[in-house]
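Undergrad: Here numbering that gives the first Met the number 0 is used: position 51 in the sequence shown is 50, and no number is missing along the way. Ideal placement from N, C-alpha and C gives every residue a C-beta, glycine not left out. Keep in mind it's a predicted model, so treat the numbers as computed, not measured. Structure in structure tokens, see below.
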Amino acid sequence: MARISSLETRLLRQLVRLSGRDPEGFEAQVLDGGRIRVHAPCGAAFYPTEAWTSHFMLHLHQGWFDARNPILATGGTG
Numbered sequence: 000m001a002r003i004s005s006l007e008t009r010l011l012r013q014l015v016r017l018s019g020r021d022p023e024g025f026e027a028q029v030l031d032g033g034r035i036r037v038h039a040p041c042g043a044a045f046y047p048t049e050a051w052t053s054h055f056m057l058h059l060h061q062g063w064f065d066a067r068n069p070i071l072a073t074g075g076t077g
């Protein structure tokens, strides 16, 4: 796996900051087969290389990379 370009790395960090999150722990890598893997402290996602940043921003906005509430994640009542 190779790292994304320094320009894309800066863009990734800026998108995370703009969403109000800490960019520490967010990392993107280029995978064989033309996909991008974004890894964060609370999960990972895979995107096609073409326009991966727009897909990532949508998922970031939807909370895909936020810590999950264990009660909600397991369906418990608290």
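My output table needs one value for Phe25: the three-state DSSP class, helix, strand or coil.
TA: In the sequence shown, counting from the first residue as 1, residue 25 sits at position 26. The answer is coil: DSSP assigns Phe25 none of H, G, I, E or B.
Undergrad: If you follow the alpha helix (DSSP H) that Phe55 is part of, which residue opens it and which one closes it?
TA: Mapped onto the sequence shown, residue 55 falls at position 56. 51 to 60 is the extent of the alpha helix (DSSP H) around Phe55.
Undergrad: Compute the distance between the beta-carbons of Pro47 and Arg34, then report whether it is under 8 Å.
TA: On the sequence shown, position 48 is the one that residue 47 refers to. On the sequence shown, position 35 is the one that residue 34 refers to. Yes, the pair counts as a contact, with Cβ atoms nearer than the cut-off.
Undergrad: Could you name the residues of the same chain whose beta carbon sits closer than 6 Å to that of Thr73, not counting the 5 residues immediately before and after it, in chain order?
TA: Position 74 of the sequence shown, counted from the first residue, corresponds to residue 73. Because Thr73 carries a pLDDT of 47, less than 50, the predicted location of this residue cannot be relied on, and no value is offered for it.
Undergrad: Measure the beta-carbon distance from Cys41 to Ala66 and round it to whole angstroms, keeping in mind my assumption that it falls under 8 Å.
TA: In the sequence shown, residue 41 corresponds to position 42, counting from 1. In the sequence shown, residue 66 corresponds to position 67, counting from 1. Contact holds; Cβ gap of about 5 Å.
Undergrad: For His38, I'd like the list of residues in its chain whose CB is within less than 6 Å of its CB, leaving aside the five on either flank, ordered along the chain.
TA: The residue you call residue 38 lines up with position 39 of the sequence shown. For His38, where only same-chain residues beyond five positions count, the Cβ hits under 6 Å are Glu26.
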